[in-house]
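When you line the sequence shown up against the working numbering, it's residues 8 to 125, in that order.
Glycine is no exception: its CB is placed at the ideal position from the N, C-alpha and C atoms.
Just below is one structure, and these are the notes that go with it.
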Amino acid sequence: MEENVVAERSKSFAIRIIKFYHYLCDEKKEFVLSKQILRSGTSIGANIRESKNAQSKADFINKLNIALKEADETAYWFELLIGSNIIQENQVHDLYELNIELIKLLTSIIKSSKKGGK
């Protein structure tokens, strides 16, 4: 059940990241950091999706660990965009919070998968 929630939320997040990328390119004329956040922000869901077809429990956990790393990297790009005043924190507050929620969900799933079953 928790895995379905994280899959749905990561897909929704990826769609919002794509729209955010277009905003950064079109409105802010920012092309370097925007590409980074697009790559890492959409990679979260792609790795979660891959975990569904994992060949083993270890492979499943590995895919989710990669998704977790990508989510953490995405948080870093948000922090750089805000810190460099390219965007204001209030412009991305909800999107940033969703990213933090994905990090928490992934951490929980990984911990429970290491303890018990898939």
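Quiz item: Can you tell which of L71, D66, N106, A61 has the C-alpha that lies nearest to the C-alpha of Y83?
Solution: The shortest C-alpha to C-alpha distance from Y83 to any of L71, D66, N106, A61 is the one to N106.
Practice problem: Would you tell me roughly how many angstroms separate the C-alpha atoms of I94 and Y30, rounded to the nearest one? | Solution: Approximately 11 Å, taken between the alpha carbons.
Quiz prompt | F67, buried or exposed, once every other Cβ within 10 Å from all chains shown has been counted against 16 | solution = Its Cβ being crowded by 16 or more others within 10 Å, F67 is buried.
Quiz item: For S91, does the three-state DSSP call read helix, strand or coil?
Solution: In the three-state DSSP reduction, S91 falls in the coil class, being neither helix nor strand.
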